[in-house]
Amino acid sequence: MTVPQLSKTYDPKAVEPRWSRFWIEKRYFHPSIDHPGEPYCIVIPPPNVTGSLHVGHALNHSLQDILIRWRRMQGRNTLWLPGTDHAGIATQNVVEKRLLAEGLSREALGRDRFIERVWQWKAESGNTIINQQRQLGESCDWDRLRFTMDEGLSRAVIEVFVRLYEDGLIYRGERLINWCPRCLTALSDIEVEHEEVKGTLYHIKYPLADDPATTLVVATTRPETMLGDTAVAVHPDDPRYRHLIGKKIRLPLTEREIPIVGDSILVDLEFGTGAVKITPAHDFNDYEAGERHGLPRLALFDHRALLDHALMMKAGVDSDVASALATLPVQKARTTIVQLLTDHGLLVKRDDHRMAVGKCYRCKTVVEPYLSPQWFVKIQPLADPAIKVVEEGRIRIIPEGWVNNYLGWMRNIKDWCISRQIWWGHQIPAWYCRSCNDRYLIAQEATTTILQGARPIVAKQAPSQCPTCGDSRFMRDPDVLDTWFSSALWPFSTLGWPDQTPELKRYYPTSTLVTGLDILFFWVARMIMMGLKFMGDVPFRDVYIHALVRDAEGQKMSKSKGNVIDPLHVMDKYGADALRFTLASMASPGRDVKLAEERIEGYRNFANKIWNAARFALMYLNGPRTATPLSERPFPDRWIVSRLNRTIQTVSSELEAYRFDRAASVLYQFIWHEYCDWYVELIKPALQDASHPNGPTTRQTLADTLETTMRLLHPFMPFITEEIWQTIPHEGDSIAVQSYPTADVTKIAPGVEQEFALLEQTIGLVRTGRVLLNHPPGQPVSFFVAHVDQDLHHRLRGLHHHLAHMSRGSVAVIPSNEWPAGKLLRLVAEGLSVGLVVSNDVDLGKALDRLTDQIAEADKEVSRLDAKLANPDFSSKAPPEVITEHRERLRTLTRDRALLVSSHEQLQAMLGS
RNA sequence: GGGCGGAUAGCUCAGUUGGAAGAGCGCUGCCCUUACAAGGCAGAGGUCACAGGUUCGAUCCCUGUUCCGCCUACCA
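Numbering-wise, my numbering puts 746 at position 467 of the first sequence, and it's gapless, one number per residue.
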């Protein structure tokens, strides 16, 4: 047998691509439906098809892969279903930018050719992120890759739309919606990000119609919308104004007179002037107030948020004012209006005022409330059951702190605007008969506006004949659906719905959803609603919400700040395993992940440590192995097996609890500080001496424990574990499909672990002594060991060889009263004494200082314990075992202290002599 | 405005029935000891944000305060 020669440092780049290809070729991640295991399924939160992997994905995907690999190794029928979404607005924006660079525009191209271009772009860039995912080692079933615009998924979207419409849960109506004047589309409420800004509160005089000398002062942050005011509101209980309710106001700069109404909802007595202008076409609150008072809605802005001349004329704006304002954008219009008001002596004052503006979550343009006909999902009937399943625990949200967040949002949920005025997406399956809707289909320039009141025919396919008039000329609604509408169906559309496929039967409901908080509402809530509505069951049992990844300073990563950590660069530099392990170890619940490159470097070193442990093993495994019964194996073997089983136990229970951080740290601790630091060192004598009687059994334990450890670690670091596993004794073709270790509690030996603790403590004292006496590590040291406890003293005797080897010295385990009288540095801890032989020429200063410090420390602790035990309340009220423990501690401490003092005295005596 | 979370070593964070303060990184000192210098060994470093309360005893439970995040909201 030849020993594979492993290089001295681990080189991930030489290893990772090889296994990535191997796994995919072997199709290990493609489960068969009839796999006997209990299903475990995760659907991936689909990233944007034309995007690339960022560190947020890396975290999200690493955690999912850990769960999936773990469950697969446990023998579950495991499906991790990958895919991407079409990200309507974002993708369309990207393609439009590319067109612009070519001097083209989407309008010039036309809808069909534009969509072709988007598909082309998807074909070019769509594989980028998939390949990056493979680089990260993701064990997805790539055969089942899905895309939200696939034929099958599109069919699901149409099916859902039609059924919701038929159930009265989708309607079309003219509402005030959030409009992005750059993307030129409607947005849903949650696609608007609010940002606090410094604004100005303008106080404007409105003269009364029947008494122009008297004015009512209104306060507003948006004076440019005043031309569309259709009323002024005051509080009905406000003694200043209540007599004015019912009277009329002359709206400045227009020819209109508008009523003064009383409204206790809109008006806050304390704020501003107590009088509020109502502009129903440009403000959400005003819209509702307008509904309450039956006010007309006068829009002033066009779809680009520019003041429109025709609309202003319709609103009775003075024609010279209208001319001055026409085509101005919001900000400029505001300046102009304020100037006009000032000129007319109508501006009373302006106050600084903090306010929130809404911005488009895709392009950060300030959104405008915009009056337009849109499609909505009536959400309440869908939300109610989605609230119930979480309340009843049929869906668990982890960490559970987010439950209230979810419930709060769901209870206040508003109807969902699902139509988008873009081209890339699922076009709404609604047609309008041209003859029946003649009055409602208004053609202007290249586009046709479908007014409110038009009667759509909603169907899975284009109708051939109008059921009302028999005409066969139709116009299809040009709008597409919100991307999240299709994402909401993801857990079942990807499994084949609306067909009743075997996959659907086997894997729905899925097991766990892993996602960031940022899309809890966008996505998770909507999947729950849609899953319940169309599958009659929850889409997943557990929702695990992880934190957002920030930079080392806690700042959100963004390209403009230049603080992004690129996972591809990181993987290239440190390896995918190091990145994965870092992210897992930092995934503490409820905390943001602050990622600094040094952390990744640290775990790269960890990978290297593992690599070298494997090199060590391979170097010495070349010899006979004997599987002796555990009880007959040498002490180090029994100890490491005990520790390994405890580690298996902990890792498994932490994974069950989604504590990736704790699982990772337990693995790190075990591998580095137990396996490498102690076990490997302890067995060197047995391995390095070819004739050592323990050789064969030690080699067996070494091989077994290393192999098991690799399987235990594999979900976290799939590449290096596969590489090592393949070179050490093993059975099977790939570690990825081996069984996950299960803890054998009979192998956990507290007695052996206790004995090890004694060994470790003794070696610790010897090493400390070495440093205190300036003994170089290479120079052998002679020392005595004793323990006041008879049993422990006896056990130390049994550890004699290990003590000598680990401390590089010669040891005598004999009662301390038999130790030579002088020339010893005695160190003490919990009844254990170590005496190092001191040569004459050594500087004892450090040693004396150390002893002095320890005596002082002991004194402090002794008096603390004394005081506590002397307290009658303590002895009468504290539990007996606590009291015993305190007494015991005081006893050892006092004993240790006495020994330290005598050690100190002896050293001083030596100095004196 | 409301809600949630956080404040523990220089940094990032663990720390559940309340009973002697932990890890990783960084730092200091000594070591190229044949698995590993991407390493080994030994150390230093903390009134657990502040003020009260409950308790024999509080990092932990309660109240308040300050500061920092995030989510959410119509104070024009």
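Quick reminder that beta carbons are idealized off the backbone N, C-alpha and C, glycines included. Because the structure is a prediction, the values reported are computed rather than measured.
- Pairwise C-beta distances place the segment 624 to 643 out of contact with the segment 406 to 421, as fewer than three of them are shorter than 8 Å.
- The C-beta separation of PRO788 from VAL817 comes to about 5 Å, placing the pair in contact by the 8 Å criterion.
- The segment 1058 to 1117 is shown to contain whole beta strand (DSSP E) runs of 3 or more residues at 1060 to 1066, 1088 to 1092, 1103 to 1108 and 1111 to 1116, in chain order.
- Residues of the same chain with a CB within less than 8 Å of the CB of GLY902, apart from the 5 flanking positions on each side, are ALA969, GLY974, PRO975 and ARG978 in chain order.
- Scanning SER910, ARG941 and ARG413 for the CA closest to the CA of PRO296 turns up ARG413.
- When secondary structure is reduced to three states using DSSP, ASN356 falls in the strand class.
- Ranked by Cα distance from ARG925, the options GLU935, LYS1026 and LEU847 are led by LYS1026.
- A direct Cα-to-Cα measurement between ARG673 and PRO1158 gives close to 41 Å.
- Closest by C-alpha distance to LEU811, out of TRP769, GLN1058, VAL1050 and ILE721, is TRP769.
- Selection ARG377, ARG535 and VAL540 evaluated against TYR520 yields VAL540 as nearest (Cα-Cα).
- The Cβ-Cβ distance between SER921 and ALA826 does not fall below 7 Å.
- Between the alpha carbons of VAL596 and LEU448 lies a gap of roughly 40 Å.
- Here DSSP, grouped into helix, strand and coil, assigns GLU671 to coil.
- For LEU686, the uninterrupted alpha helix (DSSP H) run begins and ends at 681 to 690, by DSSP.
- Under DSSP, VAL636 takes part in a beta bridge, and its partners are GLU474.
- Exposed is the label assigned to SER384, since fewer than 16 other Cβ atoms lie within 10 Å of its Cβ.
- Annotated three-state conformation of ILE456 is strand, per DSSP.
- For the set HIS309, LEU360 and TYR289, the Cα lying nearest the Cα of THR791 is the one of LEU360.
- Beyond the five residues adjoining it in sequence on each side, LEU530 comes within less than 6 Å, by CB distance, of ASP508 and ILE537 in the same chain, given in chain order.
- Scanning the segment 915 to 962 for uninterrupted alpha helix (DSSP H) segments of 4 residues or longer gives 939 to 947, listed from N- to C-terminal end.
- With contacts defined by Cβ atoms closer than 7 Å, ASN356 and PRO318 form a contacting pair.
- For MET754, the enclosing beta strand (DSSP E) starts and ends at 753 to 755.
- Residue ranges of uninterrupted alpha helix (DSSP H) with 4 or more members, entirely inside the segment 299 to 353 and ordered along the chain, are 334 to 352.
- Contact between TYR289 and TRP890 is confirmed by a C-beta separation of about 4 Å, below the 8 Å threshold.
- Linking ILE1134 to GLU911 through their CA atoms gives a straight-line distance of about 43 Å.
- In this structure, DSSP gives PRO491 a state outside helix and strand, which the three-state scheme calls coil.
- Judged by DSSP in its simplified three-state form, TRP695 adopts strand.
- Excluding sequence positions up to five before and after ASP517, its CB lies within less than 7 Å of the CB of LEU548 and GLY553, all in the same chain and listed in chain order.
- Judged by their CB atoms, ASP663 and GLN700 are not nearer to each other than the 7 Å cut-off.
- Counting other Cβ atoms within 10 Å of its Cβ, SER743 stays below 16 and is therefore classed as exposed.
- In the DSSP annotation of this structure, GLU647 is not part of any alpha helix (DSSP H); the continuous beta strand (DSSP E) holding it starts and ends at 647 to 656.
- Fully contained in the segment 768 to 795 are the following alpha helix (DSSP H) runs of length 4 or more, in chain order: 769 to 772 and 781 to 786.
- Assignment of beta-bridge partners to ARG425 by DSSP yields GLY362.
- As the crow flies, the alpha-carbon of GLU670 is around 17 Å from that of MET809.
- Excluding the 5 residues flanking it on each side, TYR685 has same chain C-beta neighbours closer than 7 Å at VAL669, ILE676, LEU799 and ALA804, in chain order.
- Between MET996 and ARG859 a beta carbon distance of about 6 Å is seen, short of the 8 Å cut, so the two are scored as contacting.
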